[in-house]
Amino acid sequence: MEQPRIKIAVQKSGRLTDHSMELLTRCGLSYSRGRDQLICYGENMPMDVLLVRDDDIPGLVQEDVCDLGIVGMNVLEEARLDLQSQGVNNLFNQIRLLDFGHCRLSFGVPVDEAYEGPQSLTGKRIATSYPRIVGKYLERHGVPGTVVTFSGAVELAPRLGKADLICDLVSTGATLKAHSLYEADTVLESRAAIIQTPLDVCPEKEAWIQRLLQRIGGVLQVRESKYIMLHAPRNALGEVRELLPGSEAPTIIPLEGRDDKVAVHAVCRENIFWETLEDLKEAGASAILVIPVEKMLA
Ligand code: ATP
Ligand code: ZN
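Residue numbers 5 to 302, in our numbering, belong to the letters of the sequence shown in order.
Structure (structure tokens):
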């Protein structure tokens with residue numbers, strides 16, 4: 005019998021596409037792209053990737069058309085509130101946050117208008133592509149306002165006289181600035197997440213899903229991790245160890261012909277910044293080397 009195949013929904017073309025495909029590739033998936041460019045067929049794992057609009061991903065997973073999906077939490081949260089308002093309780097399971105697609109859903113206010121907290125939204129018309137999230141925010145703060153739904157070019161709404169302010173995704177703030185808006189309160193901090201169908205999957209699929217998740221965990225961990233090697237005076241070991249970010253038990257190796265110094269090797273599970281290296285040097289460390297980690301399986 006043919007092995008059941010896992011279907012993963014990924015954004016077809018947009019900000020999440022390359023990051024999502026790279027993540028799957030790093031998990032060992034190699035694939036060939038279908039002639040219609042809508043499906044990537046996994047060649048070495050029983051997994052295919054469906055390329056779709058990001059807004060369709062929560063629905064595809066919720067309806068069990070796809071087993072897994074990679075999508076921004078902003079889209080997920082809007083879909084969740086929408087489904088709940090329709091009385092649907094069988095939602096997708098969010099299984100892991102990922103390390104890309106970082107952005108904020110924030111209010112953008114015209115530069116010549118004051119904003120002094122949620123009360124300033126009273127009676128205002130707010131343009132957004134996230135009507136449910138914004139509606140809930142207004143409700144939570146007990147401020148009456150009107151939500152105007154826009155599907156794109158939200159930042160033009162104030163100038164067109166369609167709204168007083170907007171609520172949209174921001175990462176650097178450059179787009180807001182270009183439209184004479186400034187970032188006021190943040191409604192939601194977002195990044196990409198992987199979601200799973202709410203229905204039970206067969207044991208063969210479940211085993212592959214678990215394997216994929218474990219590999220994703222490994223990939224995320226590796227991206228943050230570095231292997232660090234340095235020489236340290238024995239009497240500075242305590243201080244040096246404290247400076248190594250997220251390292252458990254470093255390996256201490258004697259140096260030939262030197263009683264006062266040792267070599268320290270450690271896996272640091274957090275980013276190492278120049279400041280850390282400077283602090284290590286200050287503490288007496290020398291010959292400091294930082295090396296990227298290729299693969300890791302905890
Ligand atoms: P689609 O055609 O798939 O509907 P889209 O135009 O809705 O595409 P993109 O602009 O590609 O979507 O953004 C996809 C996701 O990337 C967003 O939903 C959000 O989670 C994330 N993202 C990260 N940074 C930003 C940003 N600065 N602006 C918008 N989205 C961002
Ligand atoms: Zn979209």
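Just so it is clear, CB atoms sit at the ideal spot from N, CA and C, and this is done for glycine as well.
Computed from a predicted model, the values in this text were never measured in an experiment.
Length of the line joining the Cα atoms of residue i and residue j
| i | j | result |
| --- | --- | --- |
| H23 | V75 | 11 Å |
| E208 | Q214 | 10 Å |
| Y303 | K181 | Residue numbering for the chain in the displayed model covers 5 to 302; residue 303 lies beyond these limits and cannot be assessed. |
| G112 | H183 | 10 Å |
| L85 | M300 | 37 Å |
| E193 | R108 | 5 Å |
| P50 | W212 | 8 Å |
| G177 | N94 | 36 Å |
| V138 | T21 | 26 Å |
| S175 | H106 | 7 Å |
| R100 | F277 | 26 Å |
| S36 | N48 | 10 Å |
| L142 | S133 | 15 Å |
| Q123 | L55 | 41 Å |
| I199 | D59 | 14 Å |
| T261 | E228 | The displayed chain sequence assigns Gly, not Thr, to residue 261. If I take the Cα positions, the gap works out to 35 Å. |
| E67 | G91 | 14 Å |
| K230 | V297 | 6 Å |
| G165 | L284 | 57 Å |
| G63 | G73 | 10 Å |
| E117 | M77 | 29 Å |
| F154 | Q7 | 43 Å |
| V205 | E252 | 37 Å |
| A121 | A270 | The sequence shown places Gly at residue 121, rather than the Ala named in the question. C-alpha separation (whole angstroms): 46 Å. |
| G221 | E210 | 16 Å |
| L203 | R19 | 29 Å |
| R144 | G38 | 46 Å |
| M25 | Q41 | 14 Å |
| S89 | P162 | 28 Å |
| T29 | A287 | 40 Å |
Contact check, residue i vs residue j, beta carbons under 7 Å
| i | j | result |
| --- | --- | --- |
| R273 | G250 | yes |
| V266 | P254 | no |
| D264 | R245 | no |
| R219 | C31 | yes |
| E82 | R9 | no |
| L224 | A289 | no |
| E187 | I170 | no |
| T150 | V65 | no |
| D52 | K11 | yes |
| V152 | A131 | yes |
| T126 | V147 | yes |
| I295 | L281 | no |
| L33 | G46 | yes |
Inter-residue CB distance, residue i and residue j (contact presumed, cutoff 8 Å)
| i | j | result |
| --- | --- | --- |
| A13 | I61 | 5 Å |
| R129 | D168 | 5 Å |
| I232 | L216 | With a Cβ gap of about 30 Å, I232 and L216 do not count as contacting. |
| L102 | A197 | 6 Å |
| Q98 | L87 | Rounded, the Cβ-Cβ distance is 13 Å, inconsistent with contact. |
| V191 | S110 | 6 Å |
| R336 | F96 | Because the chain here runs from 5 to 302, residue 336 falls outside it and cannot be looked at. |
Practice item. Output the residue ranges of the alpha helix (DSSP H) runs that lie fully inside the stretch 95-164 and measure 4 residues or longer, sorted by chain position. Key: 135-144
Exercise for review: Give every residue whose Cβ lies closer than 5 Å to any heavy atom of the ligand ZN, listed in chain order.
Suggested key: D58, D59
Check your understanding: Taking the runs of the beta strand (DSSP E) that are 3 residues or longer, which of them lie wholly in the stretch 48-91?
Key -> 51-56, 72-76
Practice item. Identify every run of the beta strand (DSSP E) within the stretch 260-286, keeping only runs that are complete inside it and at least 3 residues long; order them along the chain. Key: 262-272
**Study point:** Length at least 3, wholly inside the stretch 183-207: the beta strand (DSSP E) runs in chain order
**Key:** 185-194, 196-200
Point to revise | Every unbroken alpha helix (DSSP H) within the stretch 213-269, with a cutoff of 4 residues, ordered by chain | key: 241-247
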